[in-house]
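Residue numbers (the working numbering): 6 to 402. In this text, a Cβ means the ideal position worked out from N, Cα and C, and glycines have one as well. Nothing here was measured: the structure is a model prediction, and the numbers come from that model. I have placed the structure first, in the form of structure tokens, so that the comments after it can refer back to it.
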């Protein structure tokens with residue numbers, strides 16, 4: 006297919022996908038798809054797999070890699086996710102034994118502060134029950150990656166609907182579906198990271214880290230890098246740190262539009278987040294930390310990134326507080342602080358800020374990673390540290 010022919014085909018597919026609404030059901034939708042030369046079929050869930058380099062991560066990082074390395078089936082991946090949600094829920098005093106218990110506990114939903122694992126599971130369950138009651142309105146978009154007689158389809162858009170369908174099939178009692186989902190089948194030569202990006206940015210809840218991965222994929226694509234069909238680590242996305250939009254005016258317009266119509270400056274700020282250390286990226290993605298907070302973490306040495314992100318999460322730091330803790334320009338205005346190490350300065354700055362955290366919240370945060378004895382030891386050490394600081398002030402001021 007020529008470049009012009011392929012471009013025309015992409016435009017036709019984009020136009021069709023953009024027109025998919027809740028009113029486009031059944032025969033009418035299939036007729037329009039057929040007129041565009043696309044296949045619309047109901048496909049067995051077992052033949053579909055998510056895109057391993059999709060910027061929006063639906064599964065926690067460890068489960069994501071185990072699943073895409075064929076160490077977990079879709080059903081087992083969901084079981085691992087449910088188990089993680091059960092652990093965090095139990096730590097916060099709201100245990101559940103099966104996913105349907107989350108529906109019976111809905112009355113407390115508004116007042117509770119759910120962990121990321123609990124929130125994701127609740128969202129998927131809500132979507133699963135909507136599919137059960139109303140049917141799946143919007144089809145998945147999948148790429149036909151079949152080889153020979155082995156049928157296989159890779160999701161381009163609609164991964165959340167995919168996992169909700171698996172949850173409905175394996176975890177919701179008394180469901181008797183046929184295990185099939187409606188799909189628009191896109192030919193392999195017209196698959197597009199730009200179409201995927203447009204759907205991602207049109208949805209709510211896309212984290213800053215997911216946006217950074219999205220920016221990386223688009224940059225790599227326009228610079229003719231081959232996008233793999235297997236799970237990758239963060240170093241793959243970090244290749245984009247050395248790429249730019251200069252000299253590519255047409256690609257620049259396409260990328261910025263696919264990213265939601267952002268400016269070049271905003272695009273650079275998002276891309277820079279790829280410089281965060283691996284653990285910091287995972288935490289920031291899981292807890293949806295905003296870019297305006299993470300940009301200051303980049304001023305620190307990579308070995309301190311994860312610890313700083315944990316402080317952002319545990320103490321609910323504002324972007325101003327993060328800047329004061331991390332920005333070397335702020336430190337340079339106080340030359341008398343040069344003799345103190347960074348850890349001491351961070352503690353001092355944290356004490357100067359008015360925190361909204363309560364004692365029980367701090368206790369729960371400690372217990373999320375430590376047992377009770379270790380948590381008590383940490384508190385005692387900090388109390389001793391503060392007592393020594395107070396005594397020094399009494400003796401010297």
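- Assignment of beta-bridge partners to residue 319 by DSSP yields no partner.
- Between the C-alpha atoms of residue 159 and residue 55 there is a straight-line separation of about 6 Å.
- Per DSSP, the unbroken beta strand (DSSP E) holding residue 158 starts and ends at 158-162.
- Spanning the alpha carbons of residue 164 and residue 58 requires a straight line of approximately 12 Å.
- Residue 182 and residue 134 have their C-alpha atoms some 12 Å from each other.
- Residue ranges of uninterrupted beta strand (DSSP E) with 3 or more members, entirely inside the region 174-262 and ordered along the chain, are 185-191.
- Annotation: residue 382 to residue 352 spans about 18 Å, alpha carbon to alpha carbon.
- Per DSSP, reduced to three states, the secondary structure at residue 398 is helical.
- For residue 150, there is no enclosing alpha helix (DSSP H), as DSSP marks it with neither H nor E.
- For residue 239 against residue 290, the beta-carbon gap comes to about 10 Å, at or over 8 Å, which does not count as contact.
- Closest in C-alpha terms to residue 367, from the list 81, 68, 97 and 278, comes 97.
- As the crow flies, the alpha-carbon of residue 277 is around 32 Å from that of residue 77.
- In the structure shown, residue 46 adopts extended strand secondary structure according to DSSP, grouped into three states.
- Here DSSP, grouped into helix, strand and coil, assigns residue 53 to strand.
- Between residue 322 and residue 393, the alpha-carbon positions lie close to 26 Å from each other.
- Excluding the 5 residues flanking it on each side, residue 193 has same chain C-beta neighbours closer than 8 Å at 148, 149 and 150, in chain order.
- Shortest Cα-Cα distance from residue 311 to any of 123, 190 and 287 involves 287.
- Proximity of the region 222-239 to the region 75-89 falls short of the contact definition, fewer than three beta-carbon pairs being nearer than 8 Å.
- With a cutoff of 8 Å on beta-carbon distance, residue 301 and residue 328 are scored as near each other.
- Residue 324 and residue 109 have their C-alpha atoms roughly 37 Å apart.
- Per DSSP, residue 96 is one residue of the alpha helix (DSSP H) stretching across 79-96.
- DSSP lists no bridge partner for residue 324.
- Distance from residue 69 to residue 61 at the Cβ level is roughly 11 Å; contact not present, criterion being Cβ atoms closer than 8 Å.
- The region 170-190 makes no contact with the region 240-253: fewer than 3 CB pairs, one atom from each, lie closer than 8 Å.
- Here residue 155 carries a strand assignment [DSSP, helix/strand/coil].
- If you check the CB distance, residue 201 and residue 264 do not come in under 8 Å.
- Between residue 129 and residue 168, the C-beta gap is smaller than 8 Å, which places the two residues in contact.
- Around the beta-carbon of residue 357, fewer than 16 other beta-carbon atoms lie within 10 Å, marking it exposed.
- If you ignore the 5 residues before and after residue 241, its C-beta comes within less than 6 Å of no other C-beta in its own chain.
- Considering only 397, 132 and 372, the residue with the shortest C-alpha distance to residue 174 is 132.
- In the three-state reduction of the DSSP assignment, residue 374 falls in the coil class, being assigned neither a helical nor a strand state.
- Relative to residue 103, the option among 136, 87, 374 and 49 whose CA is nearest is 87.
- In summary, residue 397 is exposed, with fewer than 16 beta-carbon neighbours lying within 10 Å of its beta-carbon over all protein chains present.
- Boundaries of the alpha helix (DSSP H) harbouring residue 274: 269-277, taken from the DSSP string.
- Annotated as proximal: residue 294 and residue 213, with beta-carbon spacing under 8 Å.
- By the beta-carbon neighbour count (other beta carbons within 10 angstroms, threshold 16), residue 207 is exposed.
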